[in-house]
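Residues -19 to -1, 1 to 109 (mature numbering (1 follows the signal peptide of the UniProt record, and there is no 0)) are what the sequence shown spells out, left to right.
Let me begin by presenting the structure, written as structure tokens, before commenting on it.
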Amino acid sequence: MRNIAFIICLGFMSFTTLAQTQPPVTASSTAPLDSLTKLAQQFINNNQADSLYALMGDAFKQQVSRTKLQEVMGQLTGQLGKWTTTESRGVQDGIARYKATFAIAPLDFYISQNKQGKVETFLFKPLE
């Protein structure tokens, strides 16, 4: 399991821009992140790397190629199975944290978006 998590963390790099102050977190402020998370789950489960890559912002794309994203998606689902459920675990500094449960094991999943609504942070790591 540690090897899987290490590969996932290497494959999905986290890119964040943290503001000094963040507006209070409300259900409506997390709705876009919830929607992006559901899309990510759908695209990962259906092996749609191009669709997932289209959600990513420029900073992510400069660091992770479409080919690398596809490779990591294959490793993720190949070793852990389908992403079955998602449970919100809160938002800090604009980054939402979810418990992403796969058929074999759960992971922590982090996601945020930039000002253009594109994914800025996209990271899986071992569940804490």
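Cβ atoms here follow ideal geometry from the backbone N, Cα and C, with glycine treated the same way.
Between residue i and residue j, is the Cβ-Cβ spacing less than 8 Å?
{"i": "residue 62", "j": "residue 85", "result": "yes"}
Relative to the C-alpha of residue i, which candidate in the options has its C-alpha closest?
{"i": "residue 105", "options": "79, 15, 49", "result": "79"}
{"i": "residue 15", "options": "101, 93, 31, 45", "result": "93"}
{"i": "residue 31", "options": "50, 41, 13, 17", "result": "50"}
{"i": "residue 97", "options": "72, 40, 52, 74", "result": "40"}
In its own chain, which residues sit with a C-beta less than 7 Å from the C-beta of residue i, not counting the 5 before and 5 after it?
{"i": "residue 68", "result": "79, 80"}
{"i": "residue 64", "result": "22, 25, 26, 81, 83"}
{"i": "residue 59", "result": "none"}
{"i": "residue 99", "result": "36, 37, 38"}
Just to confirm the assignment, what range does the alpha helix (DSSP H) spanning residue i have?
{"i": "residue 60", "result": "47 to 61"}
Since residue i is in the beta strand (DSSP E), which residue starts that stretch and which ends it?
{"i": "residue 106", "result": "100 to 107"}
{"i": "residue 141", "result": "Residue numbering for the chain in the displayed model covers -19 to 109; residue 141 lies beyond these limits and cannot be assessed."}
{"i": "residue 73", "result": "64 to 73"}
Which one or two residues does DSSP pair with residue i in a beta bridge?
{"i": "residue 36", "result": "Bridge partners of residue 36: none, in fact."}
{"i": "residue 77", "result": "72, 92"}
Please work out which residues of its chain come closer than 6 Å, Cβ to Cβ, to residue i, disregarding the five sequence neighbours upstream and downstream, and give them in chain order.
{"i": "residue 34", "result": "47, 50"}
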